[in-house]
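Number of protein chains: 2
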Amino acid sequence: MVSWLSIPAKSHFSLINIPFGIITTPKSGVPVPAIAIGDYALDLSAFTKNGGFSHLPSFQAQADVFYQPTLNAFAALGRPVHRQVREYLQAIFKADTPFPDVLKDNEALQKEALLPLNSVTNHVPLQIGDYTDFYAGRNHAYNVGVLFRGPDNALQPNYNHLPVGYHGRASSIVVSGTPIVRPSGQILTNPTAAPKVPVFSPCKRLDIELEMAAFVSTGNKLGHPVPVEEAEDHIFGLVLMNDWSARDIQAWEYVPLGPFNSKNFATTISPWVVLIDALEPFRAQGLEPGNRDSILPYLREKRADNVFNIKLEFDIRPSGTSKEDAPIHVSETNATNLLFSFPQMLAHHTITGCNLRTGDLLASGTISGKEPGSQGSLLEQTNGGKEPITLADGKTKRAFLEDGDEVILRAVAGDVDGAYVGFGECVGRIESSCSARLRIALNLWGIPYNPIFVHLLKNEQCSDQYRALNPSLSVPVLVAHRASEDDLVIPQSIAALEYLEETVRSTSPQYRTLLPNDPALRAITRSLVSIIASDVQPITNLRSQRWIKELEADPVPYCRKATEAGLAAYEALASKVAGTFSVGDDITLADVCLVPATWSAARFGVDVQNYPTVARIVARIEEEEAVKKAHWRSQPDTPEEFRQT
Amino acid sequence: MVSWLSIPAKSHFSLINIPFGIITTPKSGVPVPAIAIGDYALDLSAFTKNGGFSHLPSFQAQADVFYQPTLNAFAALGRPVHRQVREYLQAIFKADTPFPDVLKDNEALQKEALLPLNSVTNHVPLQIGDYTDFYAGRNHAYNVGVLFRGPDNALQPNYNHLPVGYHGRASSIVVSGTPIVRPSGQILTNPTAAPKVPVFSPCKRLDIELEMAAFVSTGNKLGHPVPVEEAEDHIFGLVLMNDWSARDIQAWEYVPLGPFNSKNFATTISPWVVLIDALEPFRAQGLEPGNRDSILPYLREKRADNVFNIKLEFDIRPSGTSKEDAPIHVSETNATNLLFSFPQMLAHHTITGCNLRTGDLLASGTISGKEPGSQGSLLEQTNGGKEPITLADGKTKRAFLEDGDEVILRAVAGDVDGAYVGFGECVGRIESSCSARLRIALNLWGIPYNPIFVHLLKNEQCSDQYRALNPSLSVPVLVAHRASEDDLVIPQSIAALEYLEETVRSTSPQYRTLLPNDPALRAITRSLVSIIASDVQPITNLRSQRWIKELEADPVPYCRKATEAGLAAYEALASKVAGTFSVGDDITLADVCLVPATWSAARFGVDVQNYPTVARIVARIEEEEAVKKAHWRSQPDTPEEFRQT
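In the order they appear, the protein sequences are chains A and B.
Here the first sequence is numbered in UniProt numbering, starting from 1 and rising by one per residue.
Here the second sequence is numbered in UniProt numbering, starting from 1 and rising by one per residue.
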């Protein structure tokens, strides 16, 4: 199939793919359905509005599904409609399209609806009701079982008989690109000690899980199981998934009711839903044929080739490297490494009568091969964290993920140029919140910046490379690129803010001062800054916590007291000068410092509501675009519901 | 507090309660918010529309939340608003109300908005995003642990440190009164045999779990944990919950990822949400004080009395007894039997940054006392099913629930007449689908009937009482009450249908014949009836399955073949005479028999789509009101989303 549109030969989004997603553009900001094709997204809302479906009369009456902010309405129309629409859109883009008037020869519509992929923002494509995570990657289950129970008892007795699964958390499913904040929770620092007493800590064994996931198109009624042969028609399509896992939190919490906090902080999916029909040419047999006799009849499929030949891989762009550096290849495997297919998972899910709804998501579980370098998690690749791997650059070592690591999953079917059916990327970067005050100010001033993350838990800031940049070994460090001079390195955030305050005046059109004009108020502002930046943050940061732990003490009560004292002091001072913000009615550096401090206060059990002025200001300042932008939860691609308070 | 409205002294819905729910009335059918007070529901939509909130100006601009079909919008307004509205509504109903014009002296509005409770239908009160089930009832966890691991290791090492919990299934949460279909799934008939090979079977160890659950009012942003001291303000109110559990399915599936199919078929909640403020007077200490030093600071509350003194109990109305018979008291306990409070569960849930949304539901886990007769599950009361209990009638025995058993949970705080804060009832009855063909016909003809359930798995149909009624020991049996004669007992469903066909003609205004007038078509119809009623149903019913198992064979492949043969025969015959329905364009007895047969076909792995005429007819006939009404999934109180296909 050849298109009149120029589609790169290696594109995941060839003419035989046509995956569906939800996008916004900088111009409108209204989420609309789209397809990806080559380096473009076709805005289906604009396409529909301009008569794009005029040659598909059977669908035209239903085409208002493309005016919805999610794909649920389209998905609910069922597989025959999806097939028809996909084939019609392929016809529109074919070089010898029978309908050249629609788009090929319609420059106005091309201009309106055909948008460069890198200009649009993706969103979670369907509103997800319930999310279920299975465990159907037998190599993964075996590898993990060997780690915990040895090779003889690696798989539980139920494993080959049913697709083991558990209910997951739907609310925290995010789209590719959303930064991932390292979760905190209860962990055992010495799992073999008795009695077992947990400590509260940031997760130290943060892992990825490479999975595929299926969106439900049409559901079933409560009490009506879906027969396995009908199950595939209830699937809208597949996405790639990273089921982030806090291994240390999981090890402590999961007996007897399964993973909970270790999984509920975030799950990332790729933005484009690849329809089952697009994957038809890539059918293959999984780890066992789908119709094997050893499973109960309700799981037995007619076909043996019930899964798909999809190449899977993941890379890591380690902390300390720039966005421009190529990521390092870690692992590659194939989606045939599944014991059960999605239709089998769906049939099993509903066998009790459980109802599925349009938009529900079913994930496969981690997919691993058997060979070294084909595992879908670091847990497996590093032998439970005991043998850190050296990444392909020959020097970076990883047992688990570090702050600033960016993980990139990729999935693609096919091996012929011009005919790939790919999923694009599923990306997430691990973030700590230490440098947020600087990010807020940079956003306020509209200064572009390239964040480079440094991993504190692992003392990465003590590396020679970092020491050369910042002898005080603290974060953040601002490296200001200057037009006619060498780069300026500023290793203290407050100093960096003052520098920016003084220089940005002449360079940024968005400049607004963050210090009051009145000298007295400037002094109060700087005092508030110090209360946070000197009296609270250095005491509660990770370095301080590590020191306290070296004394075999629990740092949390200590951090709590420091935070309470700091907020009480801030409250006392600010309550006298506050207007809309901490000092008067304009944002100042004090606000910029205050906000990130309250973000971490909750982790120490401090209730910001005890400080009414602080609470009011924080609530107000969090409405500012610059603040939202600095916090990953409110990146433009964070779905609407996460902004709910 | 005394009301001008007559409120029974023992009412759960006293003037100091004011719980919120969603109701429909037979007249309108549109779901609207309401409160329960005494024996009445106050329709808040009608109340608002008629200026009910005219004396609460601060709320009036927001009062359109009461025009919504769920309570989500009201819940999202936050606790201060809920408090204000509740207190205002109390003032409206007080004997010395300062606003008599609103309702007390307004007979027109009373007539429009004050509806007898027994005339309204309740619905799930909020749209539930995610549902989480905790395990905070330590006595229950201990009792279950003793059963599985003995008293020394009954509780896992993590148990006292964190509220253990798991993600549950939101889609299958139903409101009190919704019948519960016994689920089927994989079970081990002999758990100690090796190798372990499961069979497909209806659940044989169906249990209840008595729990409380909390609805989330205002959520939190992803990445922002809720401090434990703020957590209670994120709770809208509590309901009573029955977390139905398939113990045999659970035992086989739950290692290592927790319960899945064993819980996903249904969870029942009571319809009226009791606000936290209404429970304030009943604060009490749980199994440990909420501020004990032995838990990590993020879970430590300021107050010791962090749970509520709520009396809990459950009754069973055993199968074979009529709706009019009083249920039998089984167990009573108290909601103070919790190790962790809802605020602690909520704080733990979000400690990783997990976001909650308005309408999310958090359940406590089963609540049990320590004494005999105070357990919240049959598993505990019967020592794992080994020692069936004798119910309070002195004769009925139960290890687990039987088809036709109705379970009634109740919860109430307070011990002063006129000042109870209760939850009403949380009711569910276990249903098999055997008698559905009769129910469909009775509905088609508009004949009222009083179903009495007989438990087949336990051979209850062999009891002397039943033998006297129906010597053939099969179900269903129709007992027709006749005006001037003795009751007529008809022990065969087809005979019963023919009897009704012949007699109803003169008595039912809704009569329409279910047999064609043409003799040839009558014969075809009766043939189709026999294909199902003779060739399929008797082979695949429970009695037949039991017999096959007594041969140590797996009945499923057998049932599958019988079903496939029957449907193939039906297809061949019907494809020649079918119109809209199996025989021509009117519903006949054949359709009435066909539909329930296809309901069970899926359980044997039979794909109805292989029989295109059958599939088409079934899809069509399921749209009929009489059929919908016969299937529990479409009872009037089944929420809208379950009707989705």
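Cβ atoms here follow ideal geometry from the backbone N, Cα and C, with glycine treated the same way.
Chain A contact for residue i (CB, 8 Å cutoff)
i, result
"Gly137 (chain B)", "no"
"Thr352 (chain B)", "yes"
"Phe453 (chain B)", "Because Phe453 (chain B) sits at a pLDDT of 44, beneath the cut-off of 50, its placement in the model cannot be relied upon, and the point is left open."
"Ala597 (chain B)", "no"
"Lys111 (chain B)", "no"
"Lys204 (chain B)", "no"
"Asp130 (chain B)", "yes"
"Val407 (chain B)", "no"
"Gly185 (chain B)", "yes"
"Gly428 (chain B)", "no"
"Cys434 (chain B)", "For Cys434 (chain B), the predicted model reports a pLDDT of 40, less than 50, meaning its position is unreliable and no value from the coordinates is stated."
Closer than 8 Å to chain B by CB, residue i
i, result
"Lys549 (chain A)", "no"
"Phe340 (chain A)", "no"
"His123 (chain A)", "no"
"Arg292 (chain A)", "no"
"Leu456 (chain A)", "Residue confidence is low: Leu456 (chain A) scores 42 on pLDDT, short of 50, so the model does not pin down where it sits. Its coordinate-derived value is still stated next. So no, Leu456 (chain A) is outside the interface."
"residue 646 (chain A)", "An answer regarding residue 646 (chain A) cannot be provided, because it is not within the stretch 1 to 645 covered by chain A."
"Arg633 (chain A)", "Here the model assigns Arg633 (chain A) a pLDDT of 42, short of 50, so the residue's position is not dependable, and the following value carries that caveat. So yes, Arg633 (chain A) belongs to the interface."
"His329 (chain A)", "no"
"Asn143 (chain A)", "no"
"Gly223 (chain A)", "yes"
"Ala568 (chain A)", "no"
Residue i, buried or exposed, once every other Cβ within 10 Å from all chains shown has been counted against 16
i, result
"Gly579 (chain B)", "exposed"
"Trp632 (chain A)", "Low per-residue confidence applies at Trp632 (chain A): pLDDT is 36, beneath 50, and the placement is therefore not dependable, though the value from the model is reported in the following sentence. Classification of Trp632 (chain A): buried, given that the 10 Å Cβ count is 16 or more."
"Thr70 (chain A)", "buried"
"residue 648 (chain A)", "This structure cannot speak to residue 648 (chain A), because chain A is shown only from 1 to 645."
"Thr192 (chain B)", "exposed"
"Glu425 (chain B)", "buried"
"Phe200 (chain A)", "buried"
"Phe148 (chain B)", "exposed"
"Phe13 (chain B)", "buried"
"Leu457 (chain B)", "With a pLDDT of 39 at Leu457 (chain B), under the threshold of 50, the modelled position of that residue is not reliable, and no figure is offered here."
"Asp248 (chain B)", "buried"
"Asn334 (chain B)", "buried"
"Ser119 (chain B)", "exposed"
"Glu107 (chain A)", "exposed"
"Arg292 (chain B)", "exposed"
"Asp207 (chain B)", "buried"
"Gln250 (chain A)", "buried"
"Glu431 (chain B)", "buried"
Inter-residue CB distance, residue i and residue j (contact presumed, cutoff 8 Å)
i, j, result
"Arg86 (chain A)", "Asp277 (chain A)", "6 Å"
"Asp243 (chain A)", "Asp133 (chain A)", "6 Å"
beta-carbon residue i near the ligand GTP non-hydrogen atom, thresh 7 Å
i, result
"Gln381 (chain B)", "Ligands in the displayed structure: none, and consequently the ligand GTP is not present."
The region 347 to 366 of chain B contacting the region 216 to 223 of chain B, beta-carbon criterion three pairs below 8 Å: Below 8 Å, enough C-beta pairs join the region 347 to 366 of chain B and the region 216 to 223 of chain B to call them touching: three or more.
Near-chain A residues of the region 253 to 264 of chain B (beta-carbon distance less than 9 Å), N- to C-terminal order: In summary, the residues of the region 253 to 264 of chain B whose CB is separated from some CB of chain A by less than 9 Å are Glu253, Tyr254, Val255, Pro256, Leu257, Gly258, Pro259, Phe260, Asn261, Ser262, Lys263, Asn264, in the order they occur in the chain.
Inter-stretch contact at 8 Å, needing at least 3 Cβ pairs: the region 295 to 302 of chain B / the region 265 to 276 of chain B: Cβ pair count under 8 Å is below three, so no.
Short-range partners of chain A found in the region 145 to 168 of chain B, where Cβ spacing is below 7 Å: Result list: Gln156, Pro157, Asn158, His161, Leu162, Val164, Gly165, Tyr166, His167, Gly168.
Chain B contacts made by the region 298 to 324 of chain A, where a contact means CB separation under 7 Å: The region 298 to 324 of chain A vs chain B, Cβ under 7 Å: Tyr298, Arg300.
Proximal residues, the region 581 to 613 of chain A versus chain B, C-beta separation under 9 Å: Cβ contacts with chain B come from Trp599, Ala601, Ala602, Arg603, Phe604, Gly605, Val606, Asp607, Val608, Gln609, Asn610.
Three-pair Cβ contact test at 8 Å for the region 102 to 120 of chain A versus the region 329 to 347 of chain A: Put simply, the region 102 to 120 of chain A does not touch the region 329 to 347 of chain A. Fewer than three CB pairs are less than 8 Å apart.
Segment contact flag, the region 125 to 141 of chain A with the region 61 to 75 of chain A, C-beta cutoff 8 Å, min 3 pairs: Flag = yes, the region 125 to 141 of chain A and the region 61 to 75 of chain A touch.
Chain A contacts made by the region 342 to 376 of chain B, where a contact means CB separation under 8 Å: Of all residues in the region 342 to 376 of chain B, only His348, His349, Ile351, Thr352, Gly353, Cys354, Asn355, Leu356, Arg357, Thr358, Asp360 place a beta-carbon less than 8 Å from a beta-carbon of chain A.
Three or more C-beta pairs below 8 Å linking the region 397 to 413 of chain B and the region 161 to 168 of chain B: No, they do not touch.
Chain B contacts from the region 187 to 198 of chain A (Cβ-Cβ distance under 8 Å): Residues passing the 8 Å Cβ filter: Pro195, Lys196, Val197, Pro198.
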